[in-house]
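Written out below as structure tokens is the structure these notes cover.
Residue numbers (the numbering used here), protein chains in the order written: chain P, 1 to 327; chain Y, 1001 to 1243.
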């Protein structure tokens, strides 16, 4: 999560300062009284009967904060929300992880969390697409599907007994090739309806993992094996994946056009700039940064320059103020 | 009793404090704390699954690794590890994450007196940075008694070596309420808050020790203010930027 070190000269510093001040004044946090540090007591109406949530504890009848953050109140629940915390997986989150270990009947993935996640063999579609019991042969062939170091997109299943289990049953999950994996702070990626985005102009796939891993890569059509080859499935010989034929196909597909690679790098740099500035990463903000960089005719590596970062900050402040006025 | 300190400070004056958080990118939480020339870097990793054999699995356990600036780990370092472990076990709320281990790695960058208090402050800031729930913050200072029975705070290495006795004291920080009127009430009754750790070296009289406690507790107010200011602006700014 290394940030870009910005060397700002005096005018750029002033401009950035001004932008940050505008953003602060626009922000929806009503008063700074609601931010607490550890062992601050939180004012509650004791007659109502208060539910003490995360980040609070009872001390001599007073509700005291145990974390630094903002106090949130929902009806009777009072809790402290930290601003920079580790990613906590919730059911249905889309996450991207890297395989760390191939274990018995499961893969262990690193998902930027306090513990590694498990992807069970039974939670993964077989390459031939048939739904069947996983046999010992399947276990021995686990490496044909995923190996150590592969980047995988999956969904969080019910996290039970302190273990994080993932599932990758749909065609849109699975191994990710031909692209870049970026690490940003987990709080910059908010949970939304859609995490899979496709930038049509550039033919680039964008996956925003809730755990702070963002994938920018070549566009892949989600193939549904069941629909494509109904004839072949009936033939038992085709069930075993034929290594030679797959590798020939893949060699054709392996070559990514230079144009696409440029766009992938540009999108990745846009995400890096946004994460350095600390702005939320959404499809709109990434599109804006890319458009800004193209309209300014910047080379891809020039996107890390201090001038561009200040421009991005100013544009973002403009965008937020205009969206507020619309409301 | 007037005391001439080599660097010209008054007996109650602390050295300039500097604290920065999130210095290490791969650690879950990290902080550096500098008091004058003494500088310590602390990193927190955790909570990680599993506890060691001797530890109670119903509670979170804390593991301290002390790394001196030169040489191998010796007996004195093991003693520091034990002191820090006991201090932080009383601060952290151990029932929240049972059967986990939180590791705190303390690296001494430069030692110029009052090393243990500096380390405790750094580790506390690192725990806050990692987002681990704490009951209260630990504020540590060093008081030393000189040959002419004068009590000075935050001695440098020279002063520590010449002193008759010195004590490392760790207090919980003073509470400030979100409702401003209440904080005045809390400030007027400082003795009610208790003490977390006290480590003494050398021989001093009981009266001297009680004076040290008083002076130390009065200084915790200043240190708490510094800690609070250090933690607040960053959080509100980040929240407004993230939108």
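Don't be surprised by glycine CBs; every beta carbon is placed ideally from N, CA and C.
In the structure shown, the three-state DSSP call for residue 1150 of chain Y is coil. Here DSSP, grouped into helix, strand and coil, assigns residue 1103 of chain Y to strand. Three or more beta-carbon pairs drawn from the region 1085 to 1104 of chain Y and the region 1058 to 1070 of chain Y are found closer than 8 Å, and the two stretches are therefore classed as touching. Only exposed fits residue 1075 of chain Y, as fewer than 16 other CB atoms lie within 10 angstroms of its CB.
Identification of residues in the region 1041 to 1054 of chain Y having a C-beta nearer than 8 Å to some C-beta of chain P yields 1046, 1047, 1048, 1049, given in sequence order. The alpha-carbon separation between residue 1098 of chain Y and residue 136 of chain P amounts to approximately 36 Å. In this structure, the straight-line span from the alpha carbon of residue 116 of chain P to that of residue 164 of chain P is close to 7 Å. Rounded to whole angstroms, residue 1220 of chain Y and residue 1139 of chain Y show a C-alpha spacing of 6 Å. Any Cβ of chain P closer than 8 Å to the Cβ of residue 1201 of chain Y would place that residue at the interface, and such an atom is absent. The region 1160 to 1167 of chain Y makes contact with the region 1129 to 1149 of chain Y, as at least three CB pairs between them are under 8 Å.
The residue from P:126, P:188, P:287, P:149 with its alpha-carbon nearest to that of residue 100 of chain P is P:149. Here DSSP, grouped into helix, strand and coil, assigns residue 110 of chain P to strand.
Around residue 195 of chain P, the same chain offers 94, 207, 208, 209, 210 as residues with beta carbons nearer than 8 Å, after the five sequence neighbours per side are excluded. A distance below 8 Å between beta-carbons, with the five flanking residues on each side excluded, links residue 296 of chain P to the following residues of its chain, in chain order: 308, 311. DSSP links residue 1172 of chain Y through a beta bridge to Y:1138.
DSSP, read as helix, strand or coil, puts residue 276 of chain P in helix. If you ignore the 5 residues before and after residue 186 of chain P, its C-beta comes within less than 8 Å of the C-beta of 85, 86, 87, 112, 210, 211, 212, all in its own chain and listed in chain order.
Residues of chain Y whose Cβ lies closer than 9 Å to the Cβ of residue 86 of chain P are, in chain order, 1028, 1130, 1131. Taking 8 Å as the cut-off, the beta carbon of residue 182 of chain P is found no closer than this to the beta carbon of residue 266 of chain P. For residue 1152 of chain Y, the nearest beta carbon of chain P is not closer than 8 Å to its own beta carbon. Residues of chain P whose Cβ lies closer than 9 Å to the Cβ of residue 1093 of chain Y are, in chain order, 57, 66. DSSP places residue 1074 of chain Y outside both helix and strand once states are collapsed to three, so it counts as coil.
Look at residue 1223 of chain Y: its C-beta is not under 8 Å from any C-beta on chain P. When the five nearest sequence neighbours on each side are left out, the beta carbons in the same chain lying within less than 7 Å of the beta carbon of residue 1230 of chain Y are those of 1019, in order along the chain.
DSSP assignment within the region 50 to 120 of chain P yields no whole alpha helix (DSSP H) run of 4 residues or more. Within 7 Å of the CB of residue 1228 of chain Y, the CB atoms of chain P belong to 37, in sequence order along the chain.
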